[in-house]
Every structure is written in C-alpha cells, then in structure tokens.
Amino acid sequence: MRRYLLPLFLMAFDILLIIGASITSMFMRFDSTIFDRYIPNLVTELPFLICSYLLFFFVFRIYRRIWRYAGIKELLAIVLSSLCGAILFMLISDTMAIFIPRSVHVLTFFIVVAGICSSRLVLRYFMILSEREKINDGSKKPVLIIGAGDAGNLIARDIVQFHNRGRKIIGFIDDDINKQGNLCMGIPVIGGSDKLDATVQKYGVKEIIIAIPSLPQEKIRKIANLCSQIKCETKIVPGIYSLLDQNITLRDLRPVGVEDLLQREPVQLDLAMVANYLTGKCVLVTGAGGSIGSELCRQIMLLKPSRLLLLGRGENSIYEIHRELKAIYGGERLLPLIANITNEEKIKEIFAKYKPQVVFHAAAHKHVPLMERNVSEAIYNNVFGSWKLAKAAGENGTEVFIMISTDKAVNPTSVMGATKRVAEKIIQAATNIYATKYVAVRFGNVLGSRGSVVPLFKEQIAAGGPITVTDPEMKRYFMTIPEASQLVLQAGSMGKGGEVFVLDMGEPVKILDLAKNMIRLSGLEPDVEIPIIFTGLRPGEKLFEEIMSTAEGTKATMHKKIFRADLRCEDPNKLRGQLAELTELRDEAEIIEFLKEIVPNYTPNHF
Numbered sequence: 014m015r016r017y018l019l020p021l022f023l024m025a026f027d028i029l030l031i032i033g034a035s036i037t038s039m040f041m042r043f044d045s046t047i048f049d050r051y052i053p054n055l056v057t058e059l060p061f062l063i064c065s066y067l068l069f070f071f072v073f074r075i076y077r078r079i080w081r082y083a084g085i086k087e088l089l090a091i092v093l094s095s096l097c098g099a100i101l102f103m104l105i106s107d108t109m110a111i112f113i114p115r116s117v118h119v120l121t122f123f124i125v126v127a128g129i130c131s132s133r134l135v136l137r138y139f140m141i142l143s144e145r146e147k148i149n150d151g152s153k154k155p156v157l158i159i160g161a162g163d164a165g166n167l168i169a170r171d172i173v174q175f176h177n178r179g180r181k182i183i184g185f186i187d188d189d190i191n192k193q194g195n196l197c198m199g200i201p202v203i204g205g206s207d208k209l210d211a212t213v214q215k216y217g218v219k220e221i222i223i224a225i226p227s228l229p230q231e232k233i234r235k236i237a238n239l240c241s242q243i244k245c246e247t248k249i250v251p252g253i254y255s256l257l258d259q260n261i262t263l264r265d266l267r268p269v270g271v272e273d274l275l276q277r278e279p280v281q282l283d284l285a286m287v288a289n290y291l292t293g294k295c296v297l298v299t300g301a302g303g304s305i306g307s308e309l310c311r312q313i314m315l316l317k318p319s320r321l322l323l324l325g326r327g328e329n330s331i332y333e334i335h336r337e338l339k340a341i342y343g344g345e346r347l348l349p350l351i352a353n354i355t356n357e358e359k360i361k362e363i364f365a366k367y368k369p370q371v372v373f374h375a376a377a378h379k380h381v382p383l384m385e386r387n388v389s390e391a392i393y394n395n396v397f398g399s400w401k402l403a404k405a406a407g408e409n410g411t412e413v414f415i416m417i418s419t420d421k422a423v424n425p426t427s428v429m430g431a432t433k434r435v436a437e438k439i440i441q442a443a444t445n446i447y448a449t450k451y452v453a454v455r456f457g458n459v460l461g462s463r464g465s466v467v468p469l470f471k472e473q474i475a476a477g478g479p480i481t482v483t484d485p486e487m488k489r490y491f492m493t494i495p496e497a498s499q500l501v502l503q504a505g506s507m508g509k510g511g512e513v514f515v516l517d518m519g520e521p522v523k524i525l526d527l528a529k530n531m532i533r534l535s536g537l538e539p540d541v542e543i544p545i546i547f548t549g550l551r552p553g554e555k556l557f558e559e560i561m562s563t564a565e566g567t568k569a570t571m572h573k574k575i576f577r578a579d580l581r582c583e584d585p586n587k588l589r590g591q592l593a594e595l596t597e598l599r600d601e602a603e604i605i606e607f608l609k610e611i612v613p614n615y616t617p618n619h620f
C-alpha cells in the first residue's frame with residue numbers, strides 16, 4: 014500500500030495546482046469585475062480541465078517515475094503531457110462552447126508546467142537529503158570515489174538507490190577545479206588528488222572506488238600503494254568501452270589488477286576493415302581453448318561469422334569456450350572440433366569438409382623450459398603442425414591465414430623460440446606457393462595467459478609466498494589478452510601475403526616490479542609479509558626479450574600499433590627441402606644443430 018501513497022499524494026497536489034493555475038490565470042487576465050462574469054464558465058470547465066491534464070499525465074506515466082533520479086527526460090515528459098492536456102481542453106471548450114479566452118489557457122499551461130516541475134525538483138532534493146542521512150549511518154563502511162564524472166555518478170547513484178551494501182559515501186575526489194567544492198547528488202567533491210591522503214586519514218576510508226576508466230597508471234599505482242599501507246580495499250570500474258551503455262553498477266566493479274598498473278592506450282580498430290574479412294565467413298581458430306585462442310573466438314563472434322570452428326586437442330578447454338559462446342550466441346554457428354594439428358589426415362578432412370575462409374592459428378607449444386626437454390615434440394607441433402595447417406589452407410581455398418607468433422622468435426635462445434621462427438618462415442614461403450594470404454603476428458607476453466608469471470605469482474601469494482623471480486634485472490613486454498587479440502584481428506585485415514607483423518608492446522616491465530605490485534595489490538608488503546627469492550635463468554631463457562632483431566628493420570603500417578618486420582622472402586623449395594630433412598632426424602642434438610642451419614641467429618642457451 015505504501016508504494017501508492019506518493020503517487021496519490023502527487024496526483025492530489027497536481028489537481029489542486031491545476032485548479033489554482035486556472036483561477037490565477039483568470040485573475041491575471043481580467044480585473045475583478047470582469048472575472049465575476051466568467052465564474053460560471055470556470056466552474057463548468059474545471060472537471061474537463063483536470064481530466065484533460067490527468068489523462069496525459071497517465072499516458073506519459075508521470076506518476077510511475079522515480080523522482081529521486083529525475084532528469085531532463087522527466088522534465089520533458091511533464092512539458093509534453095501538459096501541452097497535450099492543454100490542447101485537448103481547448104478542443105473540448107470549443108466543442109462545448111465554454112467561452113474562456115485562449116490566453117487564459119496559455120497562462121494556465123505555463124503555471125501548471127512551472128508548478129509541477131518545481132514540485133518534483135523540490136521532492137528530488139529532499140529525497141537525496143534523506144538518502145544522504147541514511148547512507149551516512151556510522152555503522153557503514155566509509156567509501157571514497159575517485160572521479161565525479163559520469164562513471165562516478167553512476168556508482169554513487171547505485172549506492173544511494175540500494176542503500177548499498179553497508180557503504181557510506183564520504184565524497185568524491187576529482188582534479189577538475191570546476192567540480193571541487195560543489196555537490197554531486199548531494200555528495201561533496203572534496204578536492205583534487207592532492208587531498209587524497211589527507212581525506213583517507215581524516216575520514217577513516219575503508220574502500221576507494223576508482224571511477225575514471227582512463228586514469229593514468231601512475232595515479233592508480235599511488236592509490237594502490239596507499240590502500241596497501243592502510244589495509245583499504247581498492248575497486249575500479251571496467252574499461253571505457255564497457256561504460257557505453259551507461260548501466261554500470263557496483264556489481265561491475267572489480268579489484269585493481271596488475272593490468273591496470275600496466276595500463277595502455279585502448280586499441281582503436283578499423284571495424285569496417287576487420288568486419289570485411291570476417292563477417293559472414295567461415296572462420297577456424299586453432300588452439301581455441303587457450304588464452305589467446307578463446308579471446309579471438311569471443312571477438313570474432315561479435316563480428317557475426319557464418320560459422321566459427323573451435324579446434325583444439327584439449328576437450329575440457331574446448332568444451333568451456335563452446336559453452337560460454339553458446340550461452341550468448343546460441344549453438345547454430347559454433348562447431349567444436351577435437352583434433353591435433355599434427356594429424357595431417359584429420360586436418361585435411363576438416364578443411365575439405367568445412368572450407369574455412371579465414372584461419373587463426375593460435376595452437377602451439379609455448380612453455381620455454383618444457384620445450385628444452387621435449388625438443389622433438391616442439392618441432393612436431395610448432396613446425397610440422399604449422400606446415401600441415403598452412404598446406405591444407407592453401408589447398409582448400411582459404412582466403413586469409415593468420416599465425417600467432419612470439420617475441421621469442423627474435424634471436425632465439427630457446428627451442429620454442431627457434432621453432433616459432435621456423436613457423437614464420439613457413440608462412441612467408443607458403444605465400445609463394447598458394448593464393449592464400451598468409452601473415453604472422455608477433456608479440457610478447459600477455460597478462461594472465463596460461464603459463465605466464467601472473468597466474469603463477471597469484472598462486473604463490475595465495476599460498477603465503479615466497480614469490481620466485483628468475484633475476485632482479487629480468488624484463489618482459491606485456492599486453493592484455495583482449496588488446497593482443499584485437500590487434501591480431503586488425504593485422505589480419507591488413508595483410509597482403511607474407512608479412513610478419515610486429516605489435517607495439519610499449520615499454521618492457523621488470524618482473525621484480527611486477528611481483529612487488531601484485532603483492533601490494535593483495536594488501537601485503539613485499540619482502541615483509543611475502544618474501545621474494547631469485548632462482549636464476551632457466552634453460553632457453555633470456556634476461557631481455559626483443560620484438561625484432563637489429564638485423565630486422567620495421568616499416569610503419571596504417572595502424573600506429575602494428576609494424577611490419579622487414580624480412581627477406583623465403584625460398585619455398587629450399588624450406589621444403591629443409592623440412593623434409595628435419596622429419597628424418599631423431600636425435601635431439603642433431604635436431605638442434607639443424608635448427609641452427611634453418612635459423613642462423615639461433616644460439617641455444619643451456620644452463
């Protein structure tokens with residue numbers, strides 16, 4: 014019953030307002046002597062006047078709106094409904110010959126609009142004050158919001174609306190001087206980022222919400238370090254593209270992650286180019302259950318392929334990505350395929366049956382130390398698997414073939430890096446044999462991928478340490494999985510055939526700094542609560558990875574984050590002969606020596 018009290022009260026207020034507006038309009042239009050003459054007409058018209066306005070108030074759902082969050086849309090609804098009501102009443106007056114000057118109707122309309130708008134804004138103001146008192150209950154957790162823009166207001170609104178969830182908003186921190194000292198939703202903008210430390214200490218803040226998607230990493234790191242010192246939670250809104258629907262709530266917040274500290278400029282895709290070669294096409298992704306492969310599948314489905322073939326040899330990972338995509342898009346365009354890329358007969362069968370027009374080859378053995386101990390398997394999977402796929406694609410009319418490569422293919426010191434460089438050569442050579450456009454895309458480490466340091470560090474922190482770092486000076490290039498996948502899609506649209514594209518990885522990151530930041534993000538202190546130990550380089554590892562060798566030049570492309578390595582074209586006949594010889598070798602020492610012939614800058618690093 015309580016839910017109807019406010020609408021009934023507002024309706025009663027509006028009826029009295031309409032009556033008062035009509036009488037006031039008559040007084041404003043006429044002096045008292047003439048006014049007396051129109052009293053009978055006024056009495057006759059009032060029921061029709063009230064019904065005309067109320068009819069359109071119901072049509073525009075004026076009494077079903079939440080005035081606590083009233084904005085331009087609500088005010089516009091009041092104006093339009095009142096205008097419709099006024100027009101309807103004038104038609105009724107003319108039809109029934111109730112003579113009231115039209116100027117009175119116009120004045121009534123303006124008074125009604127002004128009165129209703131003012132009443133709703135006053136109601137909104139008192140509602141916000143009331144909610145402010147509720148959420149400032151001393152039993153609730155003090156929260157500080159960084160950013161008083163759109164995202165910050167959406168988060169604050171969610172907290173206010175649901176008295177959410179054991180929180181009270183202390184205020185906003187924002188560097189915009191035009192906002193400082195003002196109120197947003199009745200909540201003060203305390204000051205700029207220079208006031209952060211003092212505000213946290215003064216109010217005993219227990220949670221900081223970063224509501225600026227593009228906040229520089231230096232400021233995020235400062236906030237994270239501060240929160241670590243005072244045992245304060247830190248949450249952050251999703252990336253800027255997740256905010257476009259303007260529906261962000263507290264449920265969308267996530268803890269600050271290491272990817273936020275390595276924040277990179279968002280990728281700008283030429284969607285028309287990417288869609289042109291993927292939309293309506295049959296697309297095959299190898300290694301579809303892996304970190305990069307699964308993200309490629311997610312982004313490809315957004316571009317509406319006619320069919321997406323999810324190929325992998327691990328049934329569990331293929332099952333997971335298939336289930337995830339099926340829940341979103343349905344199963345009609347999805348086909349999970351369990352197969353090993355080294356099984357040539359099975360690969361031929363798949364290509365002959367489904368005729369994929371675009372292939373993303375993400376399947377590979379990537380773990381450096383493991384491949385040092387399993388040389389023949391690295392050759393079999395990374396080299397021969399790539400050759401069999403490239404051959405099948407060319408023989409079955411595939412339009413574009415994109416292979417995922419690695420920075421470890423540059424001046425390789427590991428078997429894994431050398432095999433990926435051979436795979437790049439295969440891609441270059443295949444361009445001279447088949448009509449398919451073959452390209453390779455080379456990049457460094459991706460945050461959170463299987464086998465990378467990030468999940469390893471998380472496990473070690475959860476176990477109480479220690480964190481193991483190879484060397485205090487070790488550096489690596491990093492990018493996020495979605496960023497790498499988007500750039501791979503873009504590179505695929507740019508290839509003419511035979512290119513090895515190199516992604517802009519930004520600045521290399523010290524693994525030791527990464528470890529310390531992850532410890533602090535967990536609310537702990539490096540070397541105090543979580544020790545760090547150094548284990549030394551493992552077989553095949555380098556202190557510093559390179560995106561390209563000094564012998565390789567690069568050329569700019571149409572995309573500022575994608576470059577083309579200036580590599581000489583491979584002689585397909587020579588390479589085919591070398592691969593034929595490689596298939597005959599069984600001794601691992603002989604295989605490594607032969608790898609050095611195919612990749613002259615391969616210098617094995619055995620410890």
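Be aware that the sequence shown starts at 14, since it is given in the numbering used here, and climbs by one per residue.
Just so you know, even glycine gets a beta-carbon here, dropped at the ideal spot from N, CA and C.
Same chain, Cβ closer than 7 Å to residue i, five either side skipped, listed in chain order
i	result
Asp-210	Leu-239
His-378	Met-384, Glu-390, Ala-391, Asn-394, Asn-395 and Met-429
Lys-339	Leu-347
First and last residue of the uninterrupted beta strand (DSSP E) at residue i
i	result
Phe-7	The structure shown has nothing for residue 7, since the chain only spans 14 to 620.
Lys-154	154 to 159
Tyr-451	450 to 456
Pro-349	347 to 351
Reduced DSSP category for residue i - H, G, I as helix; E, B as strand; rest coil
i	result
Asn-238	helix
Met-492	strand
Ile-543	strand
Cys-197	strand
Glu-538	coil
Ala-164	helix
Gly-184	strand
Ala-224	coil
Pro-114	coil
Gly-306	helix
Phe-43	coil
Ala-376	coil
Residue i: first and last residue of the uninterrupted alpha helix (DSSP H) it sits in
i	result
Cys-97	85 to 109
Tyr-342	328 to 342
Cys-295	Counting along the chain, Cys-295 falls outside any alpha helix (DSSP H), though it belongs to the beta strand (DSSP E) covering 295 to 299.
Ala-436	428 to 444
Thr-616	No alpha helix (DSSP H) holds Thr-616; DSSP gives it neither H nor E.
Ile-9	Because the chain spans 14 through 620 in this model, residue 9 falls outside it and cannot be assessed.
Thr-212	209 to 216
For residue j and residue i, the rounded distance between their alpha carbons
i	j	result
Trp-80	Phe-185	23 Å
Ala-25	Arg-137	18 Å
Ala-237	Ile-604	49 Å
Glu-601	Leu-588	20 Å
Ala-475	Val-541	15 Å
Val-213	Gln-242	11 Å
Gly-205	Ala-528	30 Å
Val-250	Leu-460	19 Å
Ile-222	Val-467	23 Å
Val-56	Ile-113	11 Å
Lys-219	Glu-496	32 Å
Val-423	Gly-457	11 Å
Ala-578	Leu-516	10 Å
Gly-199	Val-72	31 Å
Ser-255	Thr-493	Residue placement at Ser-255 cannot be trusted, given a pLDDT of 46 that sits under 50; what the coordinates show is reported in the next sentence. Each residue's alpha carbon lies about 16 Å from the other.
Pro-10	Val-287	This structure leaves residue 10 out entirely; the chain is present only between 14 and 620.
Arg-336	Glu-328	12 Å
Ala-110	Gly-98	18 Å
Close Cβ partners of residue i (< 8 Å) along its chain, the five nearest in sequence each way excluded
i	result
Tyr-290	Val-371, Glu-412, Val-413, Gly-505 and Ser-506
Val-396	Thr-432, Val-435, Ala-436, Ile-439, Leu-592 and Leu-595
Thr-355	Tyr-393, Asn-394, Phe-397, Gly-398 and Lys-401
Pro-268	Glu-246, Thr-247, Lys-248, Ile-249 and Leu-534
Spatial neighbours of residue i in its chain, beta-carbon cut-off 6 Å, leaving aside the 5 residues before and after
i	result
Asn-445	Pro-585
Arg-320	Cys-295 and Arg-346
Arg-33	The sequence given here places Gly at residue 33; Arg does not occur at that position. The answer is none, since no qualifying residue turns up.
C-beta neighbour in chain D for residue i, strict 8 Å
i	result
Ala-602	Of the protein chains in this structure there is only one, and it is not chain D.
Problem - Inter-stretch contact (C-beta, 8 Å, three-pair minimum) for the region 381 to 388 and the region 304 to 322 - result: Taking a cut-off of 8 Å for Cβ pairs, the region 381 to 388 and the region 304 to 322 do not touch, as fewer than three such pairs fall below it.
Practice task
Please confirm if the region 362 to 374 is in contact with the region 397 to 409, defined as three or more CB-CB distances below 8 Å between the two stretches.
Solution key: Taking a cut-off of 8 Å on C-beta distances, the region 362 to 374 touches the region 397 to 409, as three or more cross pairs fall below it.
Handout entry: Any 3 or more C-beta pairs closer than 8 Å across the region 28 to 42 and the region 112 to 119
Key = In this structure the region 28 to 42 touches the region 112 to 119; the number of beta carbon pairs closer than 8 Å is three or more.
Practice task
Answer yes if the region 320 to 339 comes into contact with the region 298 to 305, meaning at least three C-beta pairs across the two stretches below 8 Å, and no otherwise.
Solution key: With a cut-off of 8 Å, the region 320 to 339 and the region 298 to 305 count as touching, because enough Cβ pairs lie within range.
Practice task
Inspect the CB distances between the region 151 to 168 and the region 53 to 70 and report whether three or more fall short of 8 Å.
Solution key: Counting Cβ pairs under 8 Å, fewer than three are found: no touch.
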